[in-house]
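If you're matching positions, the sequence shown starts at 7 in the working numbering and goes up one per residue. We put the beta carbon where it would ideally sit given N, CA and C, even for glycine.
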Amino acid sequence: AGGALTIQDMAGGDGRGGTDTVVGIERLQFADRVFASDDFFNAAPALSGAGTSRAATEQSAVRLFSSGLTVAQGLFTIAGFLATLAVVSPWMVAVVLVAAVPTLRTELALGRKRARQMWELGHATRREIFFADLLTAPTAAKEIRLYGLGSLFGARMATEMRTINDENRRMDQRELYTQALLGVVGAMVAGGGLLWAAVSARGGRLSLGEVTVFIAAVAGVQVGMSSIIRNISLGHRALLMHGGHIVLGGE
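1. Could you tell me which of Ala164, Ser73, Thr112 sits nearest to Ile238, measuring between CA atoms?
2. Buried or exposed: which applies to Met231, given that a residue is buried once 16 or more other Cβ atoms fall within 10 Å of its Cβ?
3. Assuming Met167 contacts Gln123 (C-beta within less than 8 Å), just tell me the rounded distance between them.
4. Where does Ala244 fall in DSSP's three states?
5. In terms of alpha-carbon separation, which member of Arg69, Val93, Pro108, Ala89 lies closest to Ile235?
6. Report yes if the C-beta distance between Ala225 and Val94 is below 8 Å; otherwise report no.
7. Since Thr169 and Ala138 are thought to touch, with beta carbons under 8 Å apart, how far apart are those beta carbons, to the nearest angstrom?
8. Buried or exposed: Leu201, going by 16 or more other Cβ atoms within 10 Å of its Cβ?
9. State the Cα-Cα distance for the pair Arg111 and Lys148, rounded to the nearest angstrom.
10. With distances taken Cα to Cα, identify the nearest neighbour of Ala193 among Arg211, Gln228, Thr218, Leu246.
11. Answer yes or no: do Leu246 and Ala115 have a C-beta to C-beta separation smaller than 8 Å?
12. Is Leu91 helix, strand or coil when you go by DSSP?
13. Please classify Val190 as buried or exposed, where buried requires at least 16 neighbouring CB atoms within 10 angstroms.
14. Pick helix, strand or coil for Arg211, following the three-state DSSP scheme.
15. Determine the closest residue to Leu127 out of Ala186, Gln179, Asn171, Tyr183, with distance taken between C-alpha atoms.
16. Cβ of Gly160 within 8 Å of Cβ of Leu141?
17. Nearest-angstrom Cα distance between Thr184 and Arg175?
18. DSSP three-state call for Phe71: helix, strand or coil?
19. Tell me which same chain residues have a C-beta within less than 7 Å of the C-beta of Glu181, skipping the five on either side of it?
20. Would you report the Cα separation of Arg146 and Ala164, rounded to the nearest angstrom?
21. Let me know the secondary structure DSSP gives Ala121 once reduced to three states.
22. Apply the 10 Å Cβ neighbour rule to Phe82 and answer buried if 16 or more other Cβ atoms are within range, or exposed otherwise.
23. On the criterion of 16 or more Cβ atoms from any shown chain inside 10 Å, does Gly86 qualify as buried, or is it exposed?
24. Express the C-alpha separation of Gly199 and Gly215 in angstroms, rounding to a whole number.
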């Protein structure tokens with residue numbers, strides 16, 4: 007803490023070899039190797055650097071392509087439902103499509119926030135993986151046990167994990183509230199359409215079969231639009247991550 011590092015000699019297995027506290031030391035020289043203190047303790051490595059960036063870029067490209075295919079499939083699926091709904095109630099088509107606009111905007115906003123969060127937590131994530139590797143890799147684990155550094159690295163890894171978990175929890179809560187609100191809006195649209203269909207059927211303007219078709223068409227359109235919007239948001243987030251990894255790889 008405060009730039010100080012305590013090193014305990016564990017060569018005898020009982021920790022009685024002595025303890026040293028060093029401050030402002032750039033390199034630590036032991037019998038078998040030399041450690042750069044800044045690199046070893048504070049600057050978690052970039053985890054394969056360009057290789058990690060390239061792999062992440064490929065994953066983002068795959069997600070983007072998969073989302074595009076799912077959106078295209080969804081468009082074909084809801085086309086028939088929209089045509090059927092237009093025959094029974096043209097105004098309901100407009101209502102469903104208009105209700106989808108704020109949902110799309112909200113999903114895109116959540117995707118941008120999620121992508122920004124991933125970039126902001128990138129350093130903490132790399133450090134968490136770095137410390138986890140130190141505590142589990144056989145060679146590093148032996149040296150950490152030898153010099154009594156397990157508690158130090160364990161505490162630092164726990165700190166990074168708490169940071170990541172806190173940020174993810176806040177983002178998940180925000181997304182939960184938003185999705186709940188969008189669900190209420192969708193239920194109101196469907197409920198309003200069902201009420202109109204029931205009143206129309208009672209007045210003789212719609213037959214029982216038309217009411218059944220209307221309900222099925224509204225449900226199909228809403229489910230299809232929800233899938234399309236969700237995959238557009240996922241594709242947009244993958245595109246943001248893809249562009250960021252290209253920039254990172256280029257640097």
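In short:
1. Ser73
2. buried
3. Contact flag wrong, Cβ pair sits at about 16 Å.
4. Three-state DSSP puts Ala244 in a helix.
5. Among Arg69, Val93, Pro108, Ala89, the Cα nearest to that of Ile235 belongs to Pro108.
6. no
7. That pair is no contact at about 15 Å.
8. exposed
9. 52 Å
10. Gln228
11. no
12. helix
13. exposed
14. coil
15. A check of alpha carbon separations from Leu127 across Ala186, Gln179, Asn171, Tyr183 identifies Asn171 as the nearest.
16. yes
17. 14 Å
18. DSSP places Phe71 within a helical segment (H, G or I) once states are collapsed to three.
19. Leu116
20. Strictly speaking, residue 146 in this sequence is Ala, with Arg absent from that position. Each residue's alpha carbon lies about 18 Å from the other.
21. helix
22. Counting of Cβ neighbours within 10 angstroms places Phe82 among the exposed residues, the total staying below 16.
23. exposed
24. 15 Å
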